[in-house]
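Let me begin by presenting the structure, written as structure tokens, before commenting on it.
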Amino acid sequence: MEKPLSRSLSPGKGLGLRADCAVSAGRAVYRAEPFAYNTNQANKSCVCDSCLVR
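Structure (structure tokens):
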């Protein structure tokens with residue numbers, strides 16, 4: 001099965017995914033294990049919850 005997506009760099013926007021072949025409605029194109037994170041109470045005031053930058 002051909003992989004329908006590849007990573008691409010969009011100037012001014014960053015990394016993204018691009019379709020490399022025709023993708024029909026209802027076709028699964030990407031699957032990944034869920035990922036979650038949170039900051040602990042001690043770091044709440046010095047770490048961004050969105051990007052984890054100090």
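Going letter by letter, the sequence shown gives residues 1 to 54 in the UniProt record's numbering.
Ideal Cβ positions, reconstructed from N, Cα and C, are used throughout, including at glycine.
Source: prediction; values computed, not measured.
- In the displayed model, A19 falls within a strand according to three-state DSSP.
- The shortest C-alpha to C-alpha distance from A22 to any of P34, C51, P4 is the one to P4.
- Inter-residue distance for L17 and Y30 is about 10 Å (C-alpha atoms, whole angstroms).
- For L9, the enclosing beta strand (DSSP E) has its first and last residue at 5-10.
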